[in-house]
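Residue numbers (the working numbering), protein chains in the order written: chain E, 84 to 387; chain S, 84 to 387.
Beta carbons: idealized from backbone N, C-alpha and C, even for Gly.
Take a look at the structure below.
Printed below as a string of structure tokens:
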């Protein structure tokens, strides 16, 4: 009998019946529930890394897997006990995060906020705008999200270049960024936040982007030096679509809100109604693998 | 020496130098210019169909080709003299029109206007929204625009079904719409406006769509019965993204403006800065074919 822990009753319902699996419900806050010491497979939320104490984790003597449901796991990566595998939610948020990235890019290029304001005023006022056709898009990160963004923008006439931590065929190295950035109109950040990628997008990175270029961040706010970005936005030299910011939530008096040429959404890339259904489809598959002693998918601990 | 007619000096500049080609500039309004009787290849704008008189057309005794730069040619189709070939701008607007279609769909599903209003108010207020992942998308029209929309929404996790005037492998017949409509969440209209497709989307078509479904029209307003659509929108049963309307421009007092769950853009699907560059790349290629006696691309007259 495998014992797993999920954060709430809705999660248990989304998981459904699984033969030979005992479910403990706990969201990582408050007192440890009965049975936590039997848990082998912990389904953790992004935020529970901050609430599950080291002492409680140490008391989970049978723990073998921490399965996080977000793509990013940086809040958990330093908290994993020895011998425990950390898995992320790769694939759970890929489609919806890529959708938001491209929707944000096209909203800016095609001036959808302006046309929406015209709609509110009942005004029909066509005019030529920018668009993705012919644009050169540099995607930093060649994982699930990056590949989906590439497929869509290619369909809209853009040309894509990939950069990633592990260079390979058709994927350039991070070290090549200084020569690649000046030759691209749009840069999409789609890599995990790690010590190596912290503030990857700094003043020098932004300065290498050509006039009028667009930065897109749908990964983590800490990948970007916010002050450096604000400086480039207020002069009007760059534009940006940001689903994530640093800090987050963005305080009401932060200069990013009022900067020109920026579109901001409040970290909703993966936040669609179906996300939990997708997440627990992954969890079910992982538990079946775990039960059979098969290798797990989405193991990220050794990636850091 | 082939003589061609283009609408303005900007068009002549976009066309560039072509050996053995004489260019006459005329936009179809005012008096016929010197040399019009020598023109073999007429580059026509969408609106010039209304201004070039039948008498003037009859006087163009050497005319062999009318090349329209829009995807739709319904304004020209009844005006083509005997023996003259009518070509459309297929491919010129495909990428940008598909981009706008998908941007409109995602803007509605992901509630981008609401997040933009929050941005204006400096408010960070995340929440779950709808999204394309898992959606069933019915695309009416399997041409360039439809194929590009399909590629993008598939990348975002949606499943696509095609319907077209000519059924073929993986493309259903228009006659199958009554059984297909109830099984789809989003219907994208991407067919030309012809007598056969006039008001294809009528009250019965809309009634067959399930509750909460979305109609997307990026083709021509006359493909949709506007009154029937308004009726379904005001009850809140359907939602819509419309880049084209009937009538167009939409008058300020039209009920469509104030209907709930509708996003309207003013017929800007193909209207990006690069459209003329793309259009005259096509025109150049067509003129080279014409000069060599090769078959032209995008011949649509016999398609009507």
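Integer-rounded CB distance, given that residue j should sit under 8 angstroms from residue i
i, j, result
"residue 370(E)", "residue 198(E)", "Contact flag wrong, Cβ pair sits at about 47 angstroms."
"residue 264(S)", "residue 291(S)", "4 angstroms"
"residue 285(S)", "residue 304(S)", "Their Cβ separation, rounded to whole angstroms, is 14 angstroms, which puts residue 285(S) and residue 304(S) out of contact at 8 angstroms."
"residue 171(S)", "residue 154(S)", "6 angstroms"
"residue 350(S)", "residue 327(S)", "5 angstroms"
"residue 148(S)", "residue 168(S)", "5 angstroms"
"residue 299(S)", "residue 257(S)", "About 17 angstroms separates the two Cβ atoms, so there is no contact after all."
"residue 219(S)", "residue 162(S)", "Not really, about 40 angstroms apart at Cβ, beyond 8 angstroms."
"residue 239(E)", "residue 181(S)", "6 angstroms"
"residue 344(S)", "residue 173(S)", "Going by Cβ atoms, the distance from residue 344(S) to residue 173(S) rounds to 32 angstroms, so no, they are not a contact pair."
"residue 270(E)", "residue 296(E)", "7 angstroms"
"residue 122(S)", "residue 107(S)", "6 angstroms"
"residue 224(S)", "residue 274(S)", "4 angstroms"
"residue 110(E)", "residue 142(E)", "So it is not a contact: roughly 17 angstroms between Cβ atoms."
"residue 133(S)", "residue 301(S)", "Incorrect: roughly 23 angstroms between the Cβ atoms, too far for contact."
"residue 179(S)", "residue 214(E)", "5 angstroms"
"residue 321(E)", "residue 289(E)", "6 angstroms"
"residue 202(E)", "residue 340(S)", "7 angstroms"
Interface partners of residue i on chain S, CB under 9 angstroms
i, result
"residue 199(E)", "190, 195, 196, 199, 346, 347 and 348"
"residue 104(E)", "Per Cβ cutoff of 9 angstroms: no residues; residue 104(E) is ~25 angstroms from chain S at best."
Bridge partners - residue i, DSSP secondary structure assignment
i, result
"residue 300(S)", "272(S) and 325(S)"
"residue 87(E)", "106(E) and 124(E)"
"residue 255(S)", "246(S)"
"residue 236(S)", "Per DSSP, none; premise fails for residue 236(S)."
"residue 355(S)", "212(E)"
"residue 150(S)", "126(S) and 170(S)"
"residue 382(S)", "170(S)"
"residue 284(E)", "307(E)"
Check: residue i C-beta below 7 angstroms from any heavy atom of the ligand GDP
i, result
"residue 262(E)", "In the structure on display, the ligand GDP does not appear, and there are no ligands present to speak of."
Proximal chain E residues relative to residue i, where beta-carbon distance stays under 8 angstroms
i, result
"residue 357(S)", "214, 216 and 217"
"residue 186(S)", "185, 186, 189, 190, 193 and 195"
"residue 354(S)", "209, 210, 211 and 212"
Neighbouring residues, chain E, relative to residue i (Cβ below 7 angstroms)
i, result
"residue 183(S)", "193"
Listed by chain order, chain E residues near residue i by CB distance under 9 angstroms
i, result
"residue 351(S)", "193, 194, 198, 209, 210, 211 and 212"
Chain S contact residues for residue i, given Cβ-Cβ distances below 7 angstroms
i, result
"residue 305(E)", "Neighbours of residue 305(E) on chain S: none; closest Cβ ~16 angstroms, over 7 angstroms."
"residue 441(E)", "This structure gives no information on residue 441(E), because the portion of chain E shown stretches from 84 to 387."
Neighbour list for residue i in chain S, Cβ cutoff strictly below 8 angstroms
i, result
"residue 179(E)", "214, 215, 216, 239 and 240"
Item checked: Within 9 angstroms of chain S by C-beta, residues of the stretch 314-340 of chain E in sequence order -> 328, 331, 332, 333, 334, 335, 336, 337 and 340
Checklist line | Where the stretch 204-237 of chain S meets chain E: residues whose CB sits under 9 angstroms from a CB there | finding: 204, 205, 206, 207, 208, 209, 210, 211, 212, 213, 214, 215, 216, 217, 230, 231, 232, 233, 234, 235, 236 and 237
Notebook entry, point to check: Can you give, in chain order, each stretch of the beta strand (DSSP E) that sits fully within the stretch 156-228 of chain S and has at least 3 residues?
Noted result: 168-170 and 219-223
Next item on the list: Could you please tell me which residues of the stretch 143-171 of chain S, in chain order, have their CB closer than 9 angstroms to any CB of chain E?
Entry: none
Next item on the list: Enumerate, from N- to C-terminal direction, the unbroken alpha helix (DSSP H) stretches of 4 or more residues contained entirely within the stretch 305-353 of chain E.
Entry: 309-317 and 338-341
Margin query: Short of 7 angstroms Cβ to Cβ, which residues in the stretch 276-302 of chain E face chain S?
Written below: none
Notebook entry, point to check: Taking Cβ-Cβ distances below 7 angstroms as the criterion, which residues of the stretch 365-379 of chain S are in contact with chain E?
Noted result: none
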